[in-house]
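All remarks here apply to the structure that follows.
Number of protein chains: 2
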Amino acid sequence: MAEKGLIVSVSGPSGVGKGTVLKRVAEMIEEKWPGKAAYSISATTRSPRPGETDGVEYHFRTKEEFEEMIEAGEIIEYDQYVGNYYGTPAAPIAAKVSEGKVVFCDITIEGSLALDRKFPDDVVTIMLLPPSYQELEARLKGRGTEDDAKVAARLAKAREEIARAGEFEYAVQNNEVEQAAQDIMKIIESEMLRTFRQKETIKNLE
Amino acid sequence: MAEKGLIVSVSGPSGVGKGTVLKRVAEMIEEKWPGKAAYSISATTRSPRPGETDGVEYHFRTKEEFEEMIEAGEIIEYDQYVGNYYGTPAAPIAAKVSEGKVVFCDITIEGSLALDRKFPDDVVTIMLLPPSYQELEARLKGRGTEDDAKVAARLAKAREEIARAGEFEYAVQNNEVEQAAQDIMKIIESEMLRTFRQKETIKNLE
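Line by line, the protein sequences give chains A and B. Using the working numbering, the first residue of the first sequence is number 79, and each one after it goes up by one. Using the working numbering, the first residue of the second sequence is number 79, and each one after it goes up by one.
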């Protein structure tokens, strides 16, 4: 395995199955390189709930700390929800990559591109695609949590997002979880074979 | 599989096992995508031998034709041997790629980089590395065809070539034929997942 890790940034429309596919890829990484899979952990200003630990579920920060991090360009992307900030901090990701980990980020399109600008040598951007819009609609309806108007709005947004696929390095169709996870594994293993990630290997031929 | 093919350009020091590894990769391609593996065929000004067919063993050309092809930038790289030209013509490679084939080129470093300049969107450059210089020396000696001085000269050249690995996109260590072939397969499959090679797939989500 290459000396340095990798940030695997996956975006895609709501309902495409990012969480399920990434969970399976993380299992595959653990099988192949035990201890190497890691997730990006969000920072938030909300209070920890009982049983939550700083740095596990979230990085818990005060409002002042969070705003300083935004100011310093330390937050890749953030949003506010019920008066609290939620965001993706850069430093913990950088730390994991330098330990050689494969860090998964389930992130918006803008977040993915911002991550790529922040760590150009370490990020692989992947857009996860549905088999078809029809199938995406069926999946969204299958959740049973949203009315037709909301499903239609999500589908319209999906079309806008997929129109931006060209801004991503790779596109993987999620026809089936196992196939999509294998495709992402191939991308990760192939990226590990890039010459600029194997400087030590090449030096050690001596 | 992506709509367009790919040129897989593999360079590496003498004795590293390019031919054997590429043969195994071509078998793997044939298993996965029957009819998709192809080789770059050299052009030459030497006369066909009995049983040789134009476009199979070589593209047989007259000296005038070959020199016109050089003039027109149609020859990626060439050399002269016993009064005849031998070279890699671009057009047959381009034709195979547009048919969706994976075209293997076993080529010098300069040839690989020239190919990449000629077809920047279609070429993947890979340097095949030995497990170590010691092992490369053992393999060269094992051939039994060269004396110590020639082996030493080949090793010196190998060091020069490997020092240029950074000019290649990928580096694959040939510790074992099957592993090296699988690594190259992962690179090919991963390259097929690049968004710019999947424009049709993305359009066809409708």
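Every residue, glycine too, gets a C-beta built ideally from N, C-alpha and C. This one's a predicted model, so the numbers in the text were calculated from it and none came from an experiment.
Original post:
In this structure, does DSSP put B:D225 in helix, strand or coil?
Top reply: B:D225 falls in the coil class under three-state DSSP.
**OP:** Indicate whether at least one CB of chain B lies closer than 7 Å to the CB of A:G178.
**Re:** Not one chain B Cβ lies under 7 Å of A:G178.
Original post:
Can you find a C-beta in chain B that's less than 7 Å from the C-beta of A:V250?
Top reply: Yes, because at least one Cβ of chain B sits closer than 7 Å to the Cβ of A:V250.
**OP:** Can you have a look at A:V134 and say buried or exposed, based on whether 16 or more other CB atoms are within 10 angstroms of its CB?
**Re:** Exposed, by the Cβ-count rule.
Subject >> Distance CB(B:A192)-CB(B:I154) smaller than 7 Å >> reply: Taking 7 Å as the cut-off, the beta carbon of B:A192 is found closer than this to the beta carbon of B:I154.
Original post:
For the alpha helix (DSSP H) that contains A:V99, what are its first and last residues?
Top reply: Start and end: K96 to K110.
Original post:
For A:A168 and chain B, any beta-carbon pair shorter than 7 Å?
Top reply: With 7 Å as the cut-off, A:A168 does not count as an interface residue toward chain B.
Original post:
Is the beta carbon of A:V86 sitting closer than 7 Å to the one on A:F182?
Top reply: Cβ atoms of A:V86 and A:F182: closer than 7 Å.
Subject >> Alpha-carbon to alpha-carbon, B:E245 and B:V202 >> reply: Their backbone Cα atoms lie some 12 Å apart in a straight line.
Original post:
In the DSSP assignment, what residue or residues form a beta bridge with A:S87?
Top reply: Beta-bridge pairing links A:S87 to A:C183 and A:T203.
Original post:
Given 8 Å as the limit, is there contact between the region 205 to 216 of chain B and the region 220 to 237 of chain A, that is, 3 or more CB pairs closer than that?
Top reply: Verdict: no, contact absent.
Subject >> Cutoff 8 Å; reference B:S176; Cβ partners in own chain excluding five residues on either side >> reply: So the qualifying residues of the chain are K82 and G83.
**OP:** Please list the residues of the region 184 to 196 of chain B that have a C-beta atom closer than 8 Å to any C-beta atom in chain A, keeping them in chain order.
**Re:** Of all residues in the region 184 to 196 of chain B, none has a Cβ within less than 8 Å of some Cβ in chain A.
Original post:
Mind pulling the chain B residues with CB within less than 8 Å of A:P208?
Top reply: Near A:P208 (Cβ distances below 8 Å), the residues of chain B are L283.
**OP:** Would you decide whether B:N252 is buried or exposed? Buried here means 16 or more other CB atoms lie within 10 Å of its CB.
**Re:** Classification for B:N252: buried.
Original post:
Using a Cβ-Cβ distance under 7 Å, would B:Q260 count as near chain A?
Top reply: Closer than 7 Å: no.
Original post:
the region 223 to 242 of chain B: which residues have C-beta closer than 8 Å to a C-beta of chain A, in chain order?
Top reply: Answer set for the region 223 to 242 of chain B: I240.
**OP:** Count the other CB atoms, across all protein chains shown, that sit within 10 Å of the CB of B:P208; report buried if there are 16 or more and exposed otherwise.
**Re:** So B:P208 counts as buried.
**OP:** Output the distance between the C-alpha atoms of A:T98 and B:P91, rounded to the nearest integer angstrom.
**Re:** If you take the alpha carbons of A:T98 and B:P91, they lie about 44 Å apart.
**OP:** List the endpoints of the continuous beta strand (DSSP E) containing A:Q158.
**Re:** Taken as a continuous stretch (DSSP letters only), the beta strand (DSSP E) holding A:Q158 covers I153 to Y159.
Original post:
Is it true that the CB of B:I265 sits closer than 7 Å to the CB of A:S268?
Top reply: Cβ atoms of A:S268 and B:I265: closer than 7 Å.
Original post:
Residue range of the beta strand (DSSP E) that A:P170 falls in?
Top reply: Not the beta strand (DSSP E): A:P170 falls in the alpha helix (DSSP H), residues A168 to S176.
Original post:
Is it true that the CB of A:Y248 sits closer than 7 Å to the CB of B:L218?
Top reply: Pairing B:L218 with A:Y248 gives a Cβ-Cβ distance that is not under 7 Å.
Subject >> Range covered by the beta strand (DSSP E) that runs through B:A289 >> reply: The structure shown does not extend to residue 289 of chain B, since chain B spans only 79 to 284, so no value can be given for it.
Original post:
Residue range of the beta strand (DSSP E) that A:A116 falls in?
Top reply: Start and end: A115 to Y117.
Original post:
Does the region 156 to 169 of chain B touch the region 104 to 124 of chain B, meaning 3 or more C-beta pairs lie closer than 8 Å?
Top reply: The region 104 to 124 of chain B and the region 156 to 169 of chain B touch, with no fewer than 3 CB-CB distances between them shorter than 8 Å.
**OP:** Return helix, strand or coil for B:F138, following the three-state DSSP convention.
**Re:** Look at B:F138 here: in three-state DSSP terms it is strand.
Subject >> Span separating the alpha-carbon of A:R275 from that of B:D194 >> reply: Each residue's alpha carbon lies about 20 Å from the other.
Original post:
Among the residues of its own chain, which have a CB less than 8 Å from the CB of A:H137, if the five just before and after it don't count?
Top reply: So the qualifying residues of the chain are I119, S120, A121, T122, P167 and P170.
**OP:** Might you give, ordered along the chain, the residues of its own chain that have their beta carbon closer than 7 Å to the beta carbon of A:T23, omitting 5 neighbours on each side?
**Re:** Since the first and last residues shown for chain A are 79 and 284, residue 23 of chain A lies out of range.
Original post:
What are the partner residues of A:N162, as DSSP defines its beta bridges?
Top reply: Bridge partners of A:N162: A:Y159.
Subject >> Anticipated Cβ contact below 8 Å, A:I262 with A:I204, distance rounded >> reply: About 6 Å separates the Cβ atoms of A:I262 and A:I204, confirming a contact at the 8 Å cut-off.
Original post:
Is there at least one Cβ from chain B nearer than 7 Å to A:Q257's Cβ?
Top reply: Chain B, which has no Cβ nearer than 7 Å to the Cβ of A:Q257, makes this no.
**OP:** Please confirm if A:T140 has its CB atom under 7 Å from at least one CB of chain B.
**Re:** Put simply, the CB of A:T140 is far from chain B, with every gap to its CB atoms at 7 Å or more.
Subject >> CB contact flag (B:S89, B:I185, <7 Å) >> reply: Taking 7 Å as the Cβ cut-off, B:S89 and B:I185 qualify as a contacting pair.
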